[in-house]
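*Asks:*
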Amino acid sequence: MSPRITIITPSFQQAPFLEACLASIHSQGYPDLEHIVVDGGSTDGSRAIIERFGDRLSWWCSEPDRGQSHAINKGLERATGGVFGWINSDDTLLPGALDVVGKAFRDDPELMVLQGVRIAIHENGAHEPLQGNDPGDPDALFIAPRIAQQSTFFRSEAVRKAGGVDERLHHVMDLELWLRLLFTNGTAHLRFIDTPLATFRMHPESKSSTAQHRFVDETAGVLKGLCDQVGLRELGGILALGHRIPAGIRTIAVGPDQRDLVERMTVRFLLHWNRVVHERERFDAMRAFLASPYARAPHLTAAQQERLKVIAEQVHTSWLAFRVRRKLRHLWG
90 MSPRITIITP SFQQAPFLEA CLASIHSQGY PDLEHIVVDG GSTDGSRAII ERFGDRLSWW
150 CSEPDRGQSH AINKGLERAT GGVFGWINSD DTLLPGALDV VGKAFRDDPE LMVLQGVRIA
210 IHENGAHEPL QGNDPGDPDA LFIAPRIAQQ STFFRSEAVR KAGGVDERLH HVMDLELWLR
270 LLFTNGTAHL RFIDTPLATF RMHPESKSST AQHRFVDETA GVLKGLCDQV GLRELGGILA
330 LGHRIPAGIR TIAVGPDQRD LVERMTVRFL LHWNRVVHER ERFDAMRAFL ASPYARAPHL
390 TAAQQERLKV IAEQVHTSWL AFRVRRKLRH LWG
């Protein structure tokens, strides 16, 4: 028997996209769908759209909340499905997606996470399949995970044991949940399939487009918590030096045996997001990183070593000299 699937749609001021999102879910034809819509009190006509789908929704509200993560947790409090996923109001499920998801969880009672392909829809209407995770590289699922939230579905029990999503996070709550589940349960019960399951809409008002620095700072906060847990105080301090760490992020339980993995996760993050330095905080952080033993760690790949050289070229001097040189480059090309 196919499991009940709970889909939660958090929404706020997304009327131009909301109807397409809801229609994509209710055109699935899945026999046991529970759909919960949690709107944050939109004033753009969203409520009227939700009301048109009201008889097909298990529960919905339109009232002020504390953001997307709070909305998801409000939905989880009312969810009864054995499988859970969330589809944001500017994204859609692809036809037949829930049949694929339901069959996968029905056939494998130990399956914890199923991830399919997500399709990016660009502003010009072009569709682009986004690269997924490599199931043959378990460490990469921690170090450089591809969080395809729209096409990722979870065993609800595992999400409840994890405490839902962290309401202190507004941009990387999906990454934090992913890491929490993997550190707690390992990677044996994850499955990756090549089937497209959902779309991810790229538009100027989306959080992905407007708040990249907040994504980066929140990720730094999650990693700092991990560093603190395994005694990587210096590395955690470098993160705090370069980023505005949100207060109160919940702790992910990790042990000393995962210290090397956490170090590689953090080093990869620092090198990936500091290829080009613009801000004083990042400048100081990368100078501190280059002076630390982590910049000479044996696990650095050839590509990371090359990136280190590029970063070192930018921060080898004083902040004042760096700014003068950058200004001259802008003036003279």
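No gaps in the numbering here: position 138 of the sequence shown is 227 in the numbering used here, and each next residue is one more.
Ideal Cβ positions, reconstructed from N, Cα and C, are used throughout, including at glycine.
By Cβ distance below 6 Å, which residues in the same chain neighbour residue 242 in space, the five residues on each side in sequence not counted?
*Replies:* Numbered from its first residue, the sequence shown carries residue 242 at position 153. Answer for residue 242: 172, 174, 190 and 203, listed in chain order.
*Asks:* Which of the three DSSP states, helix, strand or coil, is assigned to residue 242?
*Replies:* Against the sequence shown, residue 242 aligns to sequence position 153. The answer is strand: DSSP assigns residue 242 an E or B state.
*Asks:* Can you tell me where the beta strand (DSSP E) with residue 205 in it begins and where it stops?
*Replies:* Here residue 205 refers to the residue found at position 116 when the sequence shown is read from its first residue. Looking at the DSSP string, the run of the beta strand (DSSP E) that includes residue 205 is 202-210.
*Asks:* Could you check what DSSP says for residue 355 in three-state terms: helix, strand or coil?
*Replies:* Along the sequence shown, one-based indexing puts residue 355 at 266. Three-state DSSP puts residue 355 in a helix.
*Asks:* Quick one, which of 215, 217 and 232 has its alpha-carbon nearest residue 223's?
*Replies:* Reading the sequence shown from its first residue, position 134 is the one you call residue 223. The shortest C-alpha separation from residue 223 is found at 232.
*Asks:* In this structure, how does DSSP classify residue 368 when only helix, strand and coil are distinguished?
*Replies:* Working through the sequence shown from its first residue, we reach residue 368 at position 279. The answer is coil: DSSP assigns residue 368 none of H, G, I, E or B.
*Asks:* Tell whether a beta-carbon distance below 8 Å holds between residue 205 and residue 282.
*Replies:* As a first step, residue 205 is located in the sequence shown; it is residue number 116 there, counting from the start. As a first step, residue 282 is located in the sequence shown; it is residue number 193 there, counting from the start. Yes, they are a contact pair.
*Asks:* Any idea what DSSP makes of residue 218, helix, strand or coil?
*Replies:* Here residue 218 corresponds to residue number 129 of the sequence shown, with the count starting at 1. Three-state result, residue 218: strand.
*Asks:* So if DSSP puts residue 327 in a beta bridge, which residue, or which two residues, is it bridged to?
*Replies:* What you label residue 327 is simply residue 238 of the sequence shown in a count that begins at 1. Per DSSP, none; premise fails for residue 327.
*Asks:* Using beta-carbon positions only, say whether residue 180 and residue 287 come within less than 8 Å of one another.
*Replies:* Along the sequence shown, read from residue 1 onward, the residue named residue 180 stands at position 91. Along the sequence shown, read from residue 1 onward, the residue named residue 287 stands at position 198. It is a contact, given that the beta carbons lie within the stated cut-off.
*Asks:* Just to check my reading of the structure: residue 187 and residue 94 have Cβ atoms closer than 8 Å, yes? What is that Cβ distance to the nearest angstrom?
*Replies:* Counting from one through the sequence shown, the residue named residue 187 turns up at place 98. Counting from one through the sequence shown, the residue named residue 94 turns up at place 5. Contact flag correct, Cβ pair sits at about 6 Å.
*Asks:* Taking only the alpha-carbon atoms, compute the straight-line gap between residue 240 and residue 414 and give it to the nearest angstrom.
*Replies:* Counted from its first residue, the sequence shown places residue 240 at position 151. Counted from its first residue, the sequence shown places residue 414 at position 325. Rounded to whole angstroms, residue 240 to residue 414 spans 45 Å at the Cα level.
*Asks:* DSSP three-state call for residue 307: helix, strand or coil?
*Replies:* Start at 1 with the first residue of the sequence shown, and residue 307 comes out as number 218. Of the three classes helix, strand and coil, the one that applies to residue 307 here is helix, per DSSP.
*Asks:* Can you list, in chain order, the residues of its chain whose CB lies under 6 Å from that of residue 235, leaving out five sequence neighbours each side?
*Replies:* Mapped onto the sequence shown, residue 235 falls at position 146. Excluding positions up to five away in sequence, the list reads 221 and 222.
*Asks:* Taking all protein chains shown into account, decide if residue 298 is buried (16 or more other Cβ within 10 angstroms of its Cβ) or exposed.
*Replies:* Taking the first residue of the sequence shown as 1, we reach residue 298 at position 209. With a pLDDT of 49 at residue 298, under the threshold of 50, the modelled position of this residue cannot be trusted; read the value that follows with caution. Per the 10 Å Cβ criterion, exposed.
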